[in-house]
Amino acid sequence: MIRIKNINIYNFIYFNNINKKKDGEKTTTGLSRAGAALTVLTVFMASLTALSGCSKSSLEDYAGTLTPYQQYLPVSAGQLSYYNLDSIVAAPFGAAMDTVHYTAKDSVGVATISEQDTTYPVYRYIKTGSNQTGAGGWSYQITYRLIISEHTASLVNNHNQRFIILTDPVKQDYSWDGNRYFTSELDPGDFYYGWAYTYDLSVADFLTVHQTDQTNGNPGDFDQSLYQEKLFADIVFEKAVGLYSQQESHITYQANQNNPSSFGYYEQDSYGFILTRIANP
């Protein structure tokens, strides 16, 4: 790499000829202003050309070492994916957190293409039971959208909330504001504000996006005598396959202030889900 220091071109130009000519003498030494300026300009442009070539080569070499995010999220119309879906909800009166098992099927619809984005609708169907052992047919649940752009992929859920789930460059510990469309932590229930998404490439062929891991109140293991609010989310993508798993939970436990030795309750809006890819039937 060629480095160019700050150049003051006036240092190279003789505004006053050092050897001033005497009457009747010709000046034989020193550079003319025009000649000096031309010399400086030539050197300067040559240096810039070398620097430009070096920078382009370096950028191309660096880009060649990175994996485009699209390799972890191949999407096409008609694509089908199957998952085990564990839905975690608060029991009546917050007496416990219950888990209900489902099988989920995602079906990708026909894309809508704009100048910058390609948007795919994804239709999710579910049936009770894991690993497709549940009786009965599929029941439609929700529609979400995948927005594929040149350097980002966004998921827009059925509440029209937009999450930037992938971005370039794909490299270890790269972080970005995946919830940038959530603009205020003052919005009621807007616990999505301020998450720092971070890449983890520690497992070969898998890309984990750590979205958030927060705890308020009791920082340790569950203790029924202590208040605790836990917020956790991450997504895992498999190279050349797509979404492998997703986990999200927001669970708040309120201790019994009058009798700390007895069980308190989970807030009714506490929830969670675990989505894990399974083989096609």
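For the sequence shown, the positions run 1 to 281 when full-length UniProt numbering is used.
Beta carbons are placed, not taken as given, at the ideal position from N, Cα and C, and that holds for glycine.
All of these numbers come straight from a predicted model, not from anything done at the bench.
Test item: CB-CB of residue i and residue j under 8 Å
i              : j                 : result
tyrosine 253   : tyrosine 271      : no
isoleucine 235 : tyrosine 83       : no
asparagine 160 : isoleucine 142    : no
glutamine 224  : alanine 255       : yes
tyrosine 174   : phenylalanine 206 : no
isoleucine 88  : phenylalanine 273 : yes
proline 68     : aspartate 168     : yes
proline 74     : glycine 264       : no
glutamine 71   : lysine 239        : yes
leucine 66     : valine 170        : yes
Closest residue to residue i among the options (Cα-Cα distance)
i              : options                   : result
threonine 276  : Thr128, Ser261 and Asp86  : Asp86
arginine 124   : Thr208, Glu238 and Gly78  : Gly78
serine 262     : Leu66, Ala95 and Leu80    : Ala95
tryptophan 138 : Asp106, Thr112 and Thr119 : Asp106
aspartate 213  : Ser154, Asn258 and Ile251 : Ile251
Buried or exposed (CB count within 10 angstroms, at least 16 for buried), residue i
i                 : result
glycine 220       : exposed
glycine 178       : buried
serine 76         : exposed
phenylalanine 237 : buried
lysine 21         : Because lysine 21 sits at a pLDDT of 43, beneath the cut-off of 50, its placement in the model cannot be relied upon, and the following sentence gives the value as read from the coordinates. Classification for lysine 21: exposed.
glutamine 246     : buried
glutamine 211     : buried
serine 154        : buried
Sequence-distant residues of the same chain with beta carbon closer than 7 Å to residue i, five excluded per side
i             : result
valine 156    : Tyr144, Arg145, Ile147 and Arg162
proline 121   : Gly109, Thr143 and Arg145
threonine 208 : Asp200, Asp234 and Val236
glycine 217   : Leu226, Tyr227, Gln228 and Glu229
serine 149    : Gln116 and Asp117
aspartate 269 : none
Other residues of its chain near residue i: CB distance less than 8 Å, five sequence neighbours each side excluded
i             : result
alanine 104   : Tyr82, Tyr83, Asn84, Leu85, Arg124, Tyr125, Ile126, Gln141 and Leu275
alanine 91    : Met97, Asp98 and Tyr266
glutamine 172 : Tyr199, Asp200, Leu201 and Ser202
glycine 129   : His101, Tyr102, Thr103 and Ala135
valine 43     : Confidence at valine 43 is low in this model, with a pLDDT of 46, below 50, so its placement is unreliable and the value that follows should be read with caution. Excluding residues within five positions, none has a Cβ falling inside 8 Å.
tyrosine 222  : First, the residue type needs correcting, since residue 222 is phenylalanine and not tyrosine in the sequence shown. Result list for phenylalanine 222: Gln228 and Tyr253, in chain order.
C-beta neighbour in chain B for residue i, strict 8 Å
i             : result
glutamine 254 : Chain labels in this structure do not include chain B; a single protein chain is all it has.
Spatial neighbours of residue i in its chain, beta-carbon cut-off 6 Å, leaving aside the 5 residues before and after
i              : result
threonine 119  : Thr112, Arg145 and Ile147
threonine 152  : Ile164 and Thr167
valine 100     : Ser87
tyrosine 192   : Asn179 and Phe182
serine 249     : Phe232 and Gly272
tryptophan 176 : Thr167 and Tyr197
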